[in-house]
Each structure stands twice: as structure tokens, then as C-alpha cells.
Amino acid sequence: IQALFQPKFLAGLKLLVTAGPTFERIDAVRGITNSSSGKMGYAIARAAFEAGAEVTLISGPTMLPTPTGVRRIDTVSAQDMLAAVNGEITHQDIFVSVAAVADYYVLNPSEQKIKKDAHILTLELAPNPDILANVASVANPPFCVGFAAESENLLEFAEAKRRRKKLPLLVANLVQTAIGADDNEVILLDDDGQHRLPRANKSDLARSIVKHMARLYNRYHP
Ligand code: CTP
Ligand code: CA
Numbered sequence: 175i176q177a178l179f180q181p182k183f184l185a186g187l188k189l190l191v192t193a194g195p196t197f198e199r200i201d202a203v204r205g206i207t208n209s210s211s212g213k214m215g216y217a218i219a220r221a222a223f224e225a226g227a228e229v230t231l232i233s234g235p236t237m238l239p240t241p242t243g244v245r246r247i248d249t250v251s252a253q254d255m256l257a258a259v260n261g262e263i264t265h266q267d268i269f270v271s272v273a274a275v276a277d278y279y280v281l282n283p284s285e286q287k288i289k290k291d292a293h294i295l296t297l298e299l300a301p302n303p304d305i306l307a308n309v310a311s312v313a314n315p316p317f318c319v320g321f322a323a324e325s326e327n328l329l330e331f332a333e334a335k336r337r338r339k340k341l342p343l344l345v346a347n348l349v350q351t352a353i354g355a356d357d358n359e360v361i362l363l364d365d366d367g368q369h370r371l372p373r374a375n376k377s378d379l380a381r382s383i384v385k386h387m388a389r390l391y392n393r394y395h396p
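Residue numbering for the sequence shown follows full-length UniProt numbering, beginning at 175 and increasing consecutively.
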């Protein structure tokens, strides 16, 4: 019912969003993951649907219900998430990469549960593909939005990331204020510079981000 009252900034557009953490298997019962509840990504999916977009949500493991009107695809590892994104990316107008993708996976996960002993256990980790950088570097990419949680030097690190991944828009926040919380405080970085959004709950913040995103999208695609 909320959706009825929101302005349709994204009417007629297809939007793909990733959310939540990824989980990289170590053995039959263990894995490596990132701290991410998925709340921000799900809020973006919900806000985009309210704004009139056709929304596909590619999610890592979360405890959250699927937002009304949103098509959801579940994934576990970064490789799964990349495969799901590649399967959906054609014909998307906008890609919003909110997922906290694990930067590494375990090279030789064990089929069986690893038994403990008194020695040091060494895991070999190999780098995961960068899903967002891959999508942003194709010919005629969708409008790409990144998220960056930093623990220090927020603006400097986030703007460097935006340029490295060639993103028209990046949403930056401090990890200390964001993870697991119901509200957040973010700075939007685009070619015009910085736009600081006041602290708000993730639903309101998502609506503000979607509105800004739609304005920029229309500027790049008149
Ligand atoms: N991202 C991605 N695939 C990865 C890593 C990151 O799609 N393998 C996306 C995230 O969804 C986010 C953006 O890239 O939108 C920035 O993620 P972040 O972890 O902050 O940046 P990294 O490039 O991984 O750099 P680092 O972790 O070293 O800060
Ligand atoms: Ca990372």
C-alpha cells in the first residue's frame, strides 16, 4: 500500500540490486562471511519498486522477507552471485550493488567436517571476482551504483573506489554507524561532488538514494 503514495521516479525502468553478505565455504559446517544484515539492499529494492521500477533482488544469505513486488534470487557464494548477476544483467537499466561480497574464497574447501587438532590450521584464500567492476566495465553498461563501507578515511577511499570502478554514483558510509543498525548516515558521491544525507532509518534513506539515482540516471539518459 505504501507503494501507491510514492512518486514514480523509476517508472518503466528495470533495476537489479544485490544485497546481503556472501558465504564462502570452508568445510561441511563452516564458512567465511562478511558482516551484513542485508537491510540496506532490501530497503533499496523496496524503494525502487515503490518508485515504479521492475526490480530483481539477488540476495546472499539473510533472514529478511522478500519485499512486496520484488523478484528475488537467492545465492550463497560470490561466484554464485556473479553467475546470477550475469544471468540477469542484459536489459537492465540500473544496477545497484549493495552486497557485501567476500573478497576471498577458500581454495580447497573440504567435503567433510575438518577435525580439530592442536596445530595451526592454514586456509588458502584466492580473490573473488569483483561483480560490480565487471558489470561497470562492459560496453554500454547499465547505470551502476556502488556502496562503500569504510572504517577510516571515508571520503578519500570511497571516491578512489568510485573512480576505479567507473561509477556515476557511489554511496559511502562508515562501517561503525551502519552494520546491522536500522538507521544509517551516508554521503552520496557523484561527478558533482559530495551530498551528505542526514541520519535516517534505512527505508527513508533508501527513498532519498533512489530519488537521487533517478535524477542522475535521467541526466545520463535524456
Ligand atoms: N563489490 C562487488 N564484488 C566484489 C567486491 C565488491 O560487486 N567482489 C561491490 C560492492 O557490492 C560495493 C562495491 O563493490 O558496491 C565496493 O565494495 P567494497 O568492498 O567497499 O570495495 P572493494 O573494491 O572490495 O575494496 P576493499 O574491500 O579493499 O575496500
Ligand atoms: Ca571488499
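From the three backbone atoms N, C-alpha and C, an ideal C-beta is built for every residue, glycine too. As the structure is a computational prediction, the values presented were derived from the model and not from experiment.
I think residue i touches residue j, with their Cβ atoms under 8 Å apart; what is that distance to the nearest whole Å?
i, j, result
"A258", "P303", "Not quite, the Cβ-Cβ distance comes to about 13 Å (not below 8 Å), so this is no contact."
"P301", "V309", "That belief does not hold up - the Cβ atoms of P301 and V309 are roughly 17 Å apart, past 8 Å."
"S311", "K340", "7 Å"
"N208", "A276", "6 Å"
"L297", "V280", "6 Å"
"E184", "A334", "Residue identity differs from the one stated: residue 184 is Leu in this sequence, not Glu. L184 to A334, Cβ: 29 Å. No contact."
"F197", "V250", "5 Å"
"V384", "A221", "4 Å"
"L362", "H386", "6 Å"
"Q368", "L329", "7 Å"
"A274", "P195", "5 Å"
Please return the same chain residues whose Cβ sits closer than 6 Å to the Cβ of residue i, not counting the five positions on each side in sequence.
i, result
"V244", "A219, F223, V229, L231"
"L256", "P303, I305"
"L381", "One detail in the question is off: residue 381 reads as Arg in this sequence, not Leu. So the qualifying residues of the chain are A221."
"S211", "G354"
"F269", "L190, V309, P316, C318"
"K240", "The sequence shown places Thr at residue 240, not Lys. Cβ within range, chain order: R246."
What does a CB cutoff of less than 8 Å around residue i pick up in its chain, not counting 5 residues either side in sequence?
i, result
"D365", "P342"
"D357", "R373, A374, N375, K376, L379"
"K182", "A225, G226"
"E262", "L190, T230, I232, I247"
"S284", "I200, D201, A202"
"N282", "E298"
"L390", "F317, P342, L343, D364"
"Y278", "E198, I206, L299, A300, P301, N302"
Going by beta carbon distance, what residues of the same chain come within less than 7 Å of residue i, once the five residues before and after it are set aside?
i, result
"V272", "V191, T192, A193, M214, G215, I218, F321"
"residue 128", "Lying outside 175 to 396, the shown extent of the chain, residue 128 is not represented and no answer is given."
"D267", "L187, K188, L189, P316, F317"
"T351", "N358, E359"
"Y394", "F317, P342"
"H265", "K188"
"N260", "none"
Have a look at the DSSP bridge pairing and note the partners of residue i.
i, result
"D248", "S233"
"R370", "I361"
"T192", "I232, S271"
"L343", "V319, D364"
"F197", "T207"
"Y278", "P301"
"N375", "D357"
"V324", "The sequence given here has Glu at residue 324, not Val. DSSP lists L348 as partners of E324."
Beta carbon of residue i: closer than 7 Å to some heavy atom of ligand 3?
i, result
"D277", "The model depicted lacks ligand 3 and carries ligand 1 and ligand 2 instead."
- Item | Beta carbon shell of ligand 1 at less than 5 Å from a heavy atom | S271, A273, V275, N302, D304, I305, L306, G320, F321, A322
- Query: Does the count of Cβ pairs from the segment 319-339 and the segment 347-365 closer than 8 Å reach three?
  - Reply: yes
- Query: With a cut-off of 8 Å, do at least 3 Cβ pairs link the segment 235-250 to the segment 369-380?
  - Reply: no
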